[in-house]
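The sequence shown begins at 63 in the numbering used here and counts up one residue at a time. Glycine included, every Cβ here is placed at the ideal spot set by N, Cα and C. Since the model is a prediction, treat every value here as computed from it, not as a measurement. The next block holds one structure in the form of structure tokens; read it before the comments.
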Amino acid sequence: MTQTNFTDKQIKVAIVSNGNYHSRGIAHKLFTTLRDDDDFYLTKRYPDVVISIGGDGMLLSAFHMYERSLDNIRFVGIHTGHLGFYTDYRDFEVDTLLENLRSDKGEKISYPILSVKTTLSDGRILTSRALNEATIKRLEKTMVADVIVNDIKFESFRGDGLSVSTPTGSTAYNKSLGGAVLHPTIEALQLTEIASLNNRVFRTLGSPLIVPKHETIEVIPRRLGTYVITIDNKTYKHRDVVKIEFEIDRKKIHFLGSENHTSFWERVRDAFIGELDDEI
Ligand code: NAD
Numbered sequence: 063m064t065q066t067n068f069t070d071k072q073i074k075v076a077i078v079s080n081g082n083y084h085s086r087g088i089a090h091k092l093f094t095t096l097r098d099d100d101d102f103y104l105t106k107r108y109p110d111v112v113i114s115i116g117g118d119g120m121l122l123s124a125f126h127m128y129e130r131s132l133d134n135i136r137f138v139g140i141h142t143g144h145l146g147f148y149t150d151y152r153d154f155e156v157d158t159l160l161e162n163l164r165s166d167k168g169e170k171i172s173y174p175i176l177s178v179k180t181t182l183s184d185g186r187i188l189t190s191r192a193l194n195e196a197t198i199k200r201l202e203k204t205m206v207a208d209v210i211v212n213d214i215k216f217e218s219f220r221g222d223g224l225s226v227s228t229p230t231g232s233t234a235y236n237k238s239l240g241g242a243v244l245h246p247t248i249e250a251l252q253l254t255e256i257a258s259l260n261n262r263v264f265r266t267l268g269s270p271l272i273v274p275k276h277e278t279i280e281v282i283p284r285r286l287g288t289y290v291i292t293i294d295n296k297t298y299k300h301r302d303v304v305k306i307e308f309e310i311d312r313k314k315i316h317f318l319g320s321e322n323h324t325s326f327w328e329r330v331r332d333a334f335i336g337e338l339d340d341e342i
């Protein structure tokens, strides 16, 4: 059956999948089931629900595919890999997801995301959003940069680079950098250092810094050169970055609410601690 026009009652669904054989098999099953169901309308344009099949990396890519229409979309992830932080359904739970979609009442769980504004020496200003984090590093040599927190010159950084993460991104690169795990109801950014050099000339706080919503973090590189800026799983190279500004975005990411979207602490435990042995 080929769907033509959708009705107001139908849920518009986009399916995005990584290239993995297993993921593509699941995508095919979902596609054929939803295509033949009058409650749903399959479309890549202006969907209500985006189903991402793969791992966290695929969910990050799905977020960036639809980052301009976040208000109207709820995301849901099926994970076919070994660890899923953003993915609520395992590969064998496709039928549960279909049941939950059929009984859906529009429930959503929303998390803060990061707004990143990069000013280049030619005057261009590039704006992006990150779900996990953004990082800045200097390609050729040590990065030297001033760090301004909410308009106050806070420190001069010297080292590999800096990372600014969201609360849900706090369990990703931020955690490897020694940052704290932050509950996503705390709308805050977290600045972590990447291999800072500390001596009598350059002194930084050395601890992760948690900055609340409405406050900004600015990084002003003090040397010309090529900078590598990462936004989640995307990497960009820019010559002569003048400034990069971070704050909590006015938009949020929304996930499909259901029993499968377990609490943040359950997800942290399942991802990092695993099964607890009650005998010990
Ligand atoms: P990837 O394939 O190297 O995967 C990175 C790992 O991070 C995967 O196991 C993924 O499940 C996990 N992950 C992603 N987001 C997470 C989150 N919010 N909480 C807990 N775990 C999470 O890279 P990718 O798929 O392209 O993902 C990009 C992400 O990788 C970046 O956003 C960054 O956070 C992370 N990363 C981590 C390190 C590090 O820990 N040293 C270095 C670079 C990038």
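Less than 8 Å divides the Cβ of I140 from the Cβ of Y151.
A196 is bridged by DSSP to V226 and I293. The beta strand (DSSP E) runs lying completely inside the segment 75-156 and spanning 3 residues or more are 102-104, 111-116 and 136-141, given in chain order.
In the displayed model, G185 falls within coil according to three-state DSSP, outside both helix and strand. Closest by C-alpha distance to R186, out of R301, G117 and S269, is R301. Around the beta carbon of I198, 16 or more other beta carbons sit within 10 angstroms, so the residue counts as buried.
Between the alpha carbons of L104 and T149 lies a distance of about 21 Å.
The count of Cβ pairs closer than 8 Å, one atom from the segment 232-243 and one from the segment 257-275, reaches three, so the stretches are in contact.
In the displayed model, K237 falls within a helix according to three-state DSSP. The shortest CA-to-CA distance from D184 to any of D340, V303, I310 and E337 is the one to V303. For the 8 Å CB-CB criterion, K170 and F317 form a contact. The alpha carbon of G221 has as its nearest neighbour, out of Y108, H84, T266 and L96, the alpha carbon of T266.
Taking F264 as the centre and dropping the five residues before and after it, the same chain places the C-beta of S218 and R220 closer than 7 Å to its C-beta, in chain order. In this structure, L122 has its beta carbon less than 7 Å from a heavy atom of ligand 1. The residue from L286, T292 and I293 with its alpha-carbon nearest to that of K203 is L286. Runs of the beta strand (DSSP E) lying entirely within the segment 239-266, each at least 3 residues long, are 250-258 in chain order.
Listed as beta-bridge partners of V178 by DSSP are S190 and F308.
Assignment of R301 by DSSP, reduced to helix, strand and coil, places it in the strand class. The C-alpha of D157 is placed about 28 Å away from the C-alpha of L338.
Under DSSP, T324 forms no beta bridge with any residue. The residue from V290, K313 and T278 with its alpha-carbon nearest to that of I214 is T278. The set of residues whose C-beta lies within less than 6 Å of a heavy atom of ligand 1 reads, in chain order, G117, D118, G119, L122, L145, F147, N194, E195, T230, G231, T233, A234, Y235, S238, D294, N295 and A333.
When only Cα atoms are considered, D133 and P109 end up about 11 Å apart. In the structure shown, D339 falls within a coil segment according to DSSP collapsed to helix, strand and coil. With respect to N194, S227 sits close: the two C-beta atoms are nearer than 8 Å.
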